[in-house]
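Report on one structure; see the data block that follows.
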Amino acid sequence: MIKIIFDILIYRYDKLEKFLIGDKTVIIDKGKINKVVLKKNKIDMNQLSELLRKQGVFLLDEIDQAYLEKDGTITVKKRKNNPSK
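Shown next, in the form of structure tokens:
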């Protein structure tokens, strides 16, 4: 019952969802890692490397932006003109 009420409140109020659950965060911008975000979310470089490899990214130069999503996954937006190729 409480879960249903909680789900309804989150559905109706976007700000409440961002406060309680969070929002996506830019973790890499133009190939540069935001170490403050890593530290805040208790992610070390080995974990980040593993998450990026699972997305098919092996070099930071390939990344335009990477987002740490609310659920802890990483979404990667690759650069259009990849300098490593």
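Heads up, the sequence shown is in the UniProt record's numbering, so the first residue is 1 and it goes up one at a time.
Cβ atoms here follow ideal geometry from the backbone N, Cα and C, with glycine treated the same way.
What you are looking at is a predicted structure, and each value in this text was computed from that prediction instead of being measured.
* Asked: Out of curiosity, what's the CA-to-CA distance linking Asn-41 and Ser-49?
  -> 15 Å
* Hey, Asp-64 and Arg-79: beta-carbon distance below 7 Å or not? -> Yes, the Cβ-Cβ distance between Asp-64 and Arg-79 is below 7 Å.
* Candidates Asp-29, Met-1, Thr-25, Val-36: which alpha carbon is nearest Asp-61's? -> Asp-29
* Ends of the alpha helix (DSSP H) at Gln-65? -> It is not in any alpha helix (DSSP H) - Gln-65 instead sits in the beta strand (DSSP E) that spans 63-68.
* Which value, in whole angstroms, describes the spacing of the CA atoms of Phe-58 and Lys-24? -> Roughly 22 Å between the two C-alpha positions.
* Asked: Which residue or residues does DSSP assign as beta-bridge partners of Lys-77?
  -> Gln-65
* Please work out which residues of its chain come closer than 6 Å, Cβ to Cβ, to Ile-27, disregarding the five sequence neighbours upstream and downstream, and give them in chain order. => Asn-34, Val-37, Ala-66, Leu-68
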